[in-house]
Amino acid sequence: MAERLFKLEADYETSKSVVFSADENILRMFGKDHHNAAAIKPDLTLTDPEGRAIATMDAWADDWTEGGP
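For the record, in the sequence shown the residue sitting at position 15 is 14 according to numbering that gives the first Met the number 0, with numbers rising by one throughout.
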């Protein structure tokens with residue numbers, strides 16, 4: 000049986016990075032911490048195991064916006 004994974008995608012306009020985890024809260028913390036510390040702020044999208052966007056954070060945000068774009 001395959002593990003159901005959440006996906007965090009960071010879009011830097013010139014490239015994208017993706018991180019997977021079975022723990023949604025870990026990805027939320029990781030994404031927010033990275034966003035706060037990054038010199039170049041990415042747009043972040045968190046998707047559920049079915050591929051639906053459940054939270055986003057644009058380059059200008061300081062916290063997650065619930066729901067998809």
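A virtual CB, placed ideally from N, CA and C, is assigned to each residue, including glycine. Since the model is a prediction, treat every value here as computed from it, not as a measurement.
* From Asp62 to Lys31, what distance separates their C-alpha atoms? -> Here residue 62 refers to the residue found at position 63 of the sequence shown. Here residue 31 refers to the residue found at position 32 of the sequence shown. So the two alpha carbons sit approximately 7 Å from each other.
* Mind pulling the beta strand (DSSP E) runs of 3 or more residues that sit fully within the region 34 to 59? -> DSSP runs (the beta strand (DSSP E)) wholly in the region 34 to 59: 42 to 46 and 52 to 56.
* Neighbourhood of Ser20 by C-beta distance below 7 Å, restricted to the same chain and skipping five residues each side -> By one-based count along the sequence shown, residue 20 stands at place 21. Around Ser20, the same chain offers Leu4, Phe5 and Leu26 as residues with beta carbons nearer than 7 Å, after the five sequence neighbours per side are excluded.
* Asked: Straight-line CA distance for Glu12 to Met56?
  -> In the sequence shown, the residue the question calls residue 12 occupies position 13. In the sequence shown, the residue the question calls residue 56 occupies position 57. If I take the Cα positions, the gap works out to 14 Å.
* Select from Trp59, Asp47, Ala58 and Ala60 the residue whose C-alpha is nearest the C-alpha of Asn24. => Sequence index remark: in the sequence shown, residue 24 carries index 25 (1-based). Sorting Trp59, Asp47, Ala58 and Ala60 by C-alpha distance to the C-alpha of Asn24 places Asp47 at the top.
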